[in-house]
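> Right, I'll just put the structure down here and ask away after.
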Amino acid sequence: MNYLLALAGNQNCGKTTLFNALTGSNQHVGNFPGVTVEKKEGRIKWYKEATIVDLPGIYSLSPYTAEEVVTRDFILQEKPALIINIVDATNIERNLYLTLQLMELETPMVMALNMMDEVRASGNSIDIDLLSEHLGMPIVPISASKGEGISELVNIVKKTVEKGQSEVNFDFCFGEVHKAIHAIAHIIEDQAHELGCSWRFAATKLVEGEISMMDALKMSESQRHIVEHIIKNMEETLHTDREAALADMRYSYIEHICNECVHKQQETREQVRSEHWDRLLTHKYLGIPVFLTIMMVIFWLTFDLIGAPLQDLLGAGIDQLVAQLAVVLEKADVSPWLQALLIDGVCAGVGSVLSFLPVIVLLFFFLSILEDSGYMARVTFVMDKLLRKIGLSGKSFAPMLMGFGCSVPAIMASRTLSSERDQKMTIILTPFMSCSAKLPIYGMITMAFFEQTSALVMISIYILGIIVAILSGLLMKNTIFKGDSIPFVMELPAYRLPSAKSVLLHMWEKAKDFLRKAFTVIFFATVLIWFLQNFNWSFDMVEDSTESMLASIGSFLAPLFAPLGFNDWRAATALITGLTAKEAVVSTLSVLTAASSDLQLSNALHTIFTPLSAFSFLIFTVLYMPCMAAFAATRKEMGSTKQAILAAAYQTLVAYLVAMLIYQVGRLLFGA
Amino acid sequence: MVTLDKIQPGDGGIIDTIGGEGPLRRRLLDMGLTPNTRVMVRKIAPMGDPIELFLRGYVLTLRKEDAAKITLKEVNKQ
Chain S
1 MNYLLALAGN QNCGKTTLFN ALTGSNQHVG NFPGVTVEKK EGRIKWYKEA TIVDLPGIYS
61 LSPYTAEEVV TRDFILQEKP ALIINIVDAT NIERNLYLTL QLMELETPMV MALNMMDEVR
121 ASGNSIDIDL LSEHLGMPIV PISASKGEGI SELVNIVKKT VEKGQSEVNF DFCFGEVHKA
181 IHAIAHIIED QAHELGCSWR FAATKLVEGE ISMMDALKMS ESQRHIVEHI IKNMEETLHT
241 DREAALADMR YSYIEHICNE CVHKQQETRE QVRSEHWDRL LTHKYLGIPV FLTIMMVIFW
301 LTFDLIGAPL QDLLGAGIDQ LVAQLAVVLE KADVSPWLQA LLIDGVCAGV GSVLSFLPVI
361 VLLFFFLSIL EDSGYMARVT FVMDKLLRKI GLSGKSFAPM LMGFGCSVPA IMASRTLSSE
421 RDQKMTIILT PFMSCSAKLP IYGMITMAFF EQTSALVMIS IYILGIIVAI LSGLLMKNTI
481 FKGDSIPFVM ELPAYRLPSA KSVLLHMWEK AKDFLRKAFT VIFFATVLIW FLQNFNWSFD
541 MVEDSTESML ASIGSFLAPL FAPLGFNDWR AATALITGLT AKEAVVSTLS VLTAASSDLQ
601 LSNALHTIFT PLSAFSFLIF TVLYMPCMAA FAATRKEMGS TKQAILAAAY QTLVAYLVAM
661 LIYQVGRLLF GA
Chain P
673 MVTLDKIQPG DGGIIDTIGG EGPLRRRLLD MGLTPNTRVM VRKIAPMGDP IELFLRGYVL
733 TLRKEDAAKI TLKEVNKQ
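Taken in sequence, the protein lines are chains S and P. Position 603, counted from 1, in the first sequence is what my numbering calls 603; the numbers after and before it change by one each time, with no gaps. Take any residue in the second sequence, note its place counting from 1, add 672, and you have its number in my numbering.
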């Protein structure tokens, strides 16, 4: 017998930690059908018959966010055998609000009361037996991060699944709301039964005013009329509206049971400590400098101190392997074109992308620490005002900042954004933050043209990227992404030490994600580019890449770039190869100009560009569509190939227009 | 009528009404900002917005424009 279990709870209550403790690395990550909400499932280690699904972290079952709808639909449609409701014991009042709503779904439930160690350590206590009696469900005190109480939890879950549960207690409505719920329940009981959902849940949703529930129940006109009448009466008697009445009823009941069961003399040590730390971390003047310093240290560690040696090591390892492979192929008398395909196409292409793996893994390592420790919520708090101006919220700040390192993890990190609108905007804007792979291009161009003013040129490039992102944000806010973003009402959780297991699993997850991309989309793209670069139109291999298909495509496209100042097939070709990885622009230009040293390359560049057109080329490379790896990430996170292509087209168009504008204005100012 | 966005850090009060509508209002109610709840303003973000609240034993942040929809019936100075 196989059982399906659901894990539900608020954000920041240790849900992921518990899920990891229950399943170990034995988990599978995907999406809920039709939405980009992450769905994790796995088998419980000590209860192999049970598959557990980690539902999104939510505060309520309102019909407004994708996460809440997904949770509700999952429980109503998949009908799990049991819900494990994880509750943060240090913040029990607000956590129980979701519990009461889950109870209405009439699915057997077990509560995992997390962070009980913190409650005890600060001298507070919770009468678990009494609470369990009130709610009519088993309650197991646990500490997910320390692994305490997990086996007890599994035992209780097992027992409840196999023996069934006596009715959960519904006795938490009273007064006028109680009357309204029960009056409505009488009317729709049969229909709710037909729909396969609990009468209690259906009636509550009707009181809350959900039209979709009326439709789902196939209610007649007269029934709708009566229900509205009942609710009107309730509102008039209570002098409040339906939504407030229900929230008030739930919280009143929670206050009532907390008064009996929760003995809280003081805030927990973690809460006190958080308040102390926040004096610095969200300080009026120091908050932002401290944050920027933290990010700079992370970047330095990622790209310099740890990342660079790892990257070199991996690169050397790959080179070694490729050299071995070359020898083997040579000996085996494999035909030259196949050798070239494997060595220069596949290995070189995928290898160059793979060398980014250390950087991506490291960035995610630091990001998960920031996230799990609770600091990211503070960043959001500090930076919200800035990003609101372009129609986003503070939550987009971290992914966009990561874009300066590498667009791929930045785009992948956008998954933490709760609103689809914010997520899409962030994904489109992030590549405008100039990534580190573009640095060799800047180096090449500034060395050849702007030796005296290289710092100024570099800074202007970065600032230009940010300005373009801001203007694009404003444009999108007023056109395709009109309307309000999701309300910014966010909890600031207490600071906690992140669990090593969660951080490592998260890293591994992202590394897998990236590797999958490297061997699918990126693999095909690099092989394609290699093929175009090494064959002519009659599919014969060419010695000189100037005769290749790619070169003729470059020549064909080159005139398009005339308004930007560089009508040259070599520049156009380099921009195409730059799609595999941005630094390929440099290697392509050296190959195509037959330059064997930096100096030769500099001289050759002077035959392609004027200083002004070189600057315009630079601008184009900063802004045009990101590399295939970033494109693949965009496609995955947006959940749509079409939208990813549109995003890339938009970025390229913007690059074209901005570069053209700067070139043409520059020409007017400085002459040709 | 005092609204929550006008409260100085360190001061607090008791919620009277929750205004606004749709997702925002529901969200405020769900997070425990219901009538008669005691709430304290702990901090204002470095750039002047959003604000940090303390209620029901936890810390919540929301924007001033949203806090302006919450009225208080009793204000306690520090």
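C-beta: ideal position from N, C-alpha, C; glycine also. Since the structure is predicted, the reported quantities are computational estimates derived from the model, not experimental observations.
#1: In its own chain, which residues sit with a C-beta less than 7 Å from the C-beta of residue 231 of chain S, not counting the 5 before and 5 after it?
#2: Report the partner residues of residue 141 of chain S according to the DSSP bridge assignment.
#3: Drop a sphere of 10 angstroms on the beta-carbon of residue 533 of chain S, count the other beta-carbons inside from all chains shown, and report buried for 16 or more, exposed for fewer.
#4: I think residue 470 of chain S touches residue 390 of chain S, with their Cβ atoms under 8 Å apart; what is that distance to the nearest whole Å?
#5: Let me make sure I understand the geometry here. Which of P:731, P:704, P:711 and P:707 has the alpha-carbon closest to that of residue 683 of chain P?
#6: Going by CA-CA distance only, name the one from S:340, S:102 and S:348 that's closest to residue 319 of chain S.
#7: What does the alpha-carbon distance come out to for the pair residue 518 of chain S and residue 481 of chain S?
#8: Leaving out the 5 sequence neighbours to the left and right, which residues in its chain are closer than 7 Å to residue 736 of chain P when beta-carbon positions are compared?
#9: Using 8 Å as the limit for Cβ to Cβ distance, is residue 712 of chain P near chain S?
#10: The alpha helix (DSSP H) that contains residue 383 of chain S, what's its start and end?
#11: Can you tell me where the beta strand (DSSP E) holding residue 85 of chain S begins and where it ends?
#12: Taking just the CA atoms, how far does residue 544 of chain S sit from residue 591 of chain S?
#13: Taking 8 Å as the CB-CB limit, is residue 743 of chain P close to chain S?
#14: Based on Cα-Cα distance, which residue from S:552, S:642 and S:579 lies nearest to residue 570 of chain S?
#15: Distance check for residue 370 of chain S and residue 86 of chain S, CA to CA, integer angstroms please.
#16: Find out if the Cβ-Cβ distance for the pair residue 602 of chain S, residue 16 of chain S is shorter than 8 Å.
#17: Considering residue 667 of chain S, what are the terminal residues of the alpha helix (DSSP H) in which it resides?
#18: Note down, in chain order, all residues in the stretch 95-112 of chain S with a beta-carbon under 7 Å from any beta-carbon belonging to chain P.
#19: Going by DSSP in three states, residue 1 of chain S sits in which element: helix, strand or coil?
#20: State yes or no: is the beta carbon of residue 676 of chain P nearer than 8 Å to at least one beta carbon in chain S?
#21: What in chain P is Cβ-close to residue 33 of chain S, meaning under 8 Å?
#22: Taking a contact to mean a Cβ-Cβ separation below 8 Å, would you say residue 273 of chain S touches residue 495 of chain S in this structure?
#23: I'd like the list of long-range same chain contacts for residue 125 of chain S, defined as Cβ closer than 6 Å, with 5 residues on each side in sequence excluded.
#24: By the DSSP assignment, the beta strand (DSSP E) with residue 490 of chain S in it spans what residues?
#25: Of the residues that make up the stretch 714-737 of chain P, which ones have a beta carbon closer than 7 Å to any beta carbon in chain S?
#26: Our contact map puts residue 6 of chain S next to residue 75 of chain S with C-beta atoms below 8 Å; I'd like the distance itself, whole angstroms only.
#27: Which value, in whole angstroms, describes the spacing of the CA atoms of residue 681 of chain S and residue 45 of chain S?
#28: Quick check on this structure: which residue in S:157, S:637 and S:250 has the alpha carbon closest to the alpha carbon of residue 110 of chain S?
#29: Anything in chain S within Cβ reach of residue 683 of chain P, meaning under 7 Å, just list it in chain order.
#30: Taking Cβ positions only, does residue 673 of chain P come closer than 8 Å to chain S?
#31: Between residue 207 of chain S and the ligand MG, is there a pair consisting of the residue's CB and a ligand heavy atom that are separated by less than 7 Å?
#32: I want to see whether chain P comes within less than 8 Å of residue 391 of chain S, judged by CB atoms only; does it?
#33: For the putative contact between residue 674 of chain S and residue 191 of chain S, defined by C-beta atoms under 8 Å, what is the C-beta separation to the nearest angstrom?
#34: Could you check whether the Cβ of residue 690 of chain P sits closer than 8 Å to any Cβ belonging to chain S?
#35: Quick check on this structure: which residue in S:378, S:649 and S:568 has the alpha carbon closest to the alpha carbon of residue 715 of chain P?
#36: Spatial neighbours of residue 578 of chain S within its chain, please: CB distance less than 6 Å, with the 5 preceding and 5 following residues excluded, ordered by chain position.
Judging by the given coordinates:
#1: 180, 207 and 242
#2: S:113
#3: buried
#4: 6 Å
#5: P:711
#6: S:348
#7: 31 Å
#8: 677, 721, 722 and 723
#9: no
#10: 375-388
#11: 82-88
#12: 10 Å
#13: no
#14: S:552
#15: 22 Å
#16: no
#17: 641-670
#18: 97
#19: coil
#20: no
#21: Correct list: empty, because the minimum Cβ distance to chain P is about 23 Å.
#22: yes
#23: 263
#24: 489-491
#25: 715, 717, 718, 719, 720, 721, 722, 724, 728, 729, 730, 731, 732, 733, 734 and 735
#26: 6 Å
#27: Since the first residue of chain S shown is 1 and the last is 672, residue 681 of chain S is not available in this structure.
#28: S:157
#29: Simply none; closest approach about 17 Å.
#30: no
#31: Among the components modelled here there is no ligand, and therefore nothing to report on the ligand MG.
#32: no
#33: Nothing can be reported for residue 674 of chain S: it is not among the residues displayed for chain S, which extend from 1 to 672.
#34: yes
#35: S:378
#36: 584 and 585
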